[in-house]
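Below: one structure, written as C-alpha cells.
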Amino acid sequence: MRTELHRPLASLGLAALLLLTGVNVPAVSGVTPTPAASSGAVTGPSTNPPGLEAAICAGGSPTGARCDTLWVPLDYADPSRGTMATSVIVIPAKDPAERIGSLLVNPGGPGESGVQFVEGAYPLFATLNQRFDIVGFDPRGTTGPDAIACEGTDALDHEVGLDPLVAGSPAGEADLVATTLAFDESCRLHSGWLLPYVGTVNAARDMDALRAALGDSRLTYLGFSYGTALGATYAALFPTDIRAMVLDGDLDPSLSFLDQSTQQGASFEASYDEFVSQCQAMTACLLGTNPGATITSLLERLATNPIEEADGRTVGAGTAIGGLVAAMYDPSSWTTFYTDLASAADGFVQPLQEAVDSYAGRGPQGYSPSIAANVAINCADHSVPLDLATYDMEARSIQASEPHFGQDEVYSALACAYWPVRGRAPAPLDVTAAPPILLVGATHDPATPYAWSVSLQKQIAGSVLLTRDGYGHTSYGFSTCVQDAVNAYLVNLTLPARGATCAS
C-alpha cells in the first residue's frame, strides 16, 4: 500500500500540526503566536435534505464510475442544525448477474480521500469489482466545500520542515507552541463551526447512512490503517448491520494517544534498523560500509546547516526524518530512498524534498486538505495530557530506544491538548453481536504495530487474525496470499484458518 494509508502523527514536523487552544497554554517565554492566513473560506451547514445527490466525476475516474454527494446531518443528536456534504464514487460491478452488493473501502489517514483512493488504486480492486460495486467515500471534513480549512502553504512548509524537538529545549518548545497556536487559530477561525462534528464516531454514522442510501441491507467493508478504527467503531455501533468486514493494519482503540505515539515510534525505529541492515548487506550500498553512521552524519549536518533550495524552502533534519518515515511504509521504496539519502549527503537535496512533498500531500497548488483533516479527526478522537512536562518526561524516557522517531511521536500528542474541541477518552471496544470480522496484521508494520492487531482481536468477539510475516504498512497490497484470503472472505464469507500466516 502507498504511504498515504496512514500518516504518523508526528512525522514531517506534524507534531506542530496537531493543534490547539481552548485550554491554558503552557508558559513559554517570548512566544507571541500570530495566526497564519488561510486559503479556505468560512462556510457553514447546508439546508439540503439528507441522502444521495448525483454529482459530476472529476477527470481520471475509472470507466463507468458514477459520483454522488452524500448529505448527512451535521449533528446526529440535533438534525435541525443542518447538513454537510461528503463525496462518493461508485464503480458498478462488472458482472451484474453475480453482483453481491456494495464494497465500501477506506484508505486511512485519517483525513485521506476515499474517492481519490478508489480512482488511483482501482486496479487493486479489479477482482472484487466483478462481484461488488466498489465504493469510495470521503469522511466528513476531508474534501470538498465542507473540508476543514486552516493555514496556507507557506505556514505549512515551515511546520512540515520543523526539526525534531529535543525534550526540554526552550527554543524548540517555543517554536512548537507558536506554530501550533497559529495553526489552531486558523482552523478555529475558518472551520470552527465544523470542528465539534468531525471524528470517527460521526464518520461511522455517515458510513451507515451511505450503506442505507446505496440500498444495501448490510455493510461489506474493507478498511486500511485508520480505516480499521472507522470499521471497528462501526462494528461497535451497528454490529448487526455488517455482512463482512476486513480491517487491515489495525489501530488499538484501548490505547491512550501518548501510548499509541510511543509504540508507533518504536515500530518505526525497528523498521529503520532493518532499512539500515539491508543496505549494509548490499554488495555496494550507496550509503557506504556503515549506512547508519552516514545517515546520522547527514541528520547532524542538516540540523546545524540546512540547505536552501531554489524555491526558497529549507531542507533540514526535519525534512530528512520525514523522508525516512515515508520510506518505512513500503520496503520496495528503500532502494530508491538509499539513492535519495546518498544524494543529500552529497549536497543535492531535491530528491529528498520531493519524497517528503509526495508523502505530505504537497503539489504545485499547495497541500492536500488531508493535513488539516488529519489533525481535526485525531484530536476529536483522543483526549491527551494537558501539561508540557508530561511530554518532556515521556520524550526523555524513550530517547535512547527511539532516537530517530520517538520524540516527535510524543510531542505530536501534545498538540491535541490545546485543540478547541475536547477529545474522547480511550476505551476498549466490546463487540459481541457482529458476524466474524477478519483482521490483518503484519509482524513488522511500522505504523500499526502487530500487537495492536492482537489487542483488537480480543475486543471483537469471533474475529479472526490473519498474519503477514514482513515489513511495510498494511498487507493487502504486499501479499497475494493475503489478497486471496481477503477476497475469498469478502465474496464467499470463507474465513482463513485461525493462526494462518502469509508471506510477503
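Just so we're on the same page, my numbering is the position in the sequence shown counted from 1, plus 145. Beta carbons are placed, not taken as given, at the ideal position from N, Cα and C, and that holds for glycine. The model shown is predicted, which means the values in this text are computed figures rather than measured ones.
Between the alpha carbons of residue i and residue j, how many angstroms are there, rounded?
i: R211; j: A200; result: 8 Å
i: P571; j: H527; result: 7 Å
i: G254; j: V217; result: 21 Å
i: F383; j: A490; result: 53 Å
i: P548; j: D361; result: 49 Å
i: C332; j: T192; result: 23 Å
i: R643; j: D475; result: 27 Å
i: L234; j: G259; result: Sequence inspection shows Ile at residue 234; the Leu mentioned does not correspond to that position. Taking the straight line from one Cα to the other gives about 8 Å.
i: S232; j: G468; result: 30 Å
i: P565; j: G337; result: 8 Å
i: L447; j: T459; result: 10 Å
i: V585; j: S478; result: 22 Å
i: Q510; j: L444; result: 29 Å
i: I516; j: G506; result: 8 Å
Report yes if the CB atom of residue i is closer than 8 Å to the CB atom of residue j, and no otherwise.
i: T385; j: A578; result: yes
i: F402; j: C561; result: yes
i: G492; j: I452; result: yes
i: A230; j: T208; result: no
i: D393; j: Y621; result: yes
i: S442; j: S557; result: no
i: V391; j: Y634; result: yes
i: V263; j: I236; result: yes
i: T535; j: F369; result: no
i: V609; j: P580; result: no
i: A381; j: V576; result: yes
i: P573; j: L611; result: no
i: T228; j: P284; result: no
Determine, for residue i, whether the minimum Cβ-Cβ distance to residues of chain C falls below 8 Å.
i: E296; result: The structure shown contains no chain C; it holds only a single protein chain.
Taking the alpha carbon of residue i as the reference point, which residue from the options has its own alpha carbon closest?
i: E296; options: H335, D629 and Y483; result: H335
i: N450; options: S399, F328 and D308; result: D308
i: Y417; options: P591, G344 and A500; result: P591
i: Q604; options: I466, T378, A462 and D475; result: T378
i: G437; options: Q423, V260, Y536 and N632; result: Q423
i: T288; options: A518, T619, P530 and N632; result: A518
i: L355; options: E198, M390 and H618; result: E198
i: G433; options: Y483, A415 and D395; result: Y483
i: S624; options: G196, L269, L219 and A238; result: L269
i: A645; options: D614, V421, L638 and D302; result: D614
i: T325; options: P341, L339 and L301; result: L301
i: D456; options: P190, E419, F282 and D299; result: D299
i: R388; options: L559, G376 and G410; result: G376
i: C430; options: Q498, G286, R541 and D485; result: D485
i: A654; options: T639, D629, L638 and V636; result: For the chain, the structure presents residues 146 to 649; residue 654 sits outside this window and is missing.
Any idea what DSSP makes of residue i, helix, strand or coil?
i: C212; result: strand
i: C295; result: coil
i: R446; result: helix
i: M473; result: helix
i: I522; result: helix
i: T588; result: strand
i: E547; result: coil
i: I670; result: Missing from the structure shown is residue 670; the chain here goes from 146 to 649 and no further.
i: N193; result: coil
i: T378; result: helix
i: G463; result: helix
i: L367; result: strand
i: T345; result: helix
i: V555; result: helix
i: S422; result: helix
i: I201; result: coil
i: F623; result: coil
i: C430; result: coil
i: V305; result: helix
i: Y221; result: coil
Check whether the segment 514 to 531 and the segment 332 to 349 are in contact - that is, three or more C-beta pairs closer than 8 Å.
Yes: the two stretches touch, three or more of their Cβ pairs being nearer than 8 Å.
Segment contact, 8 Å Cβ cut-off, at least three pairs: the segment 232 to 251 with the segment 268 to 288:
When Cβ pairs closer than 8 Å are counted between the two stretches, the segment 232 to 251 is seen to touch the segment 268 to 288, the count reaching three or more.
The segment 299 to 306 in contact with the segment 453 to 466 per 3-pair CB rule at 8 Å
The segment 299 to 306, when compared against the segment 453 to 466, does touch it at the 8 Å Cβ threshold.
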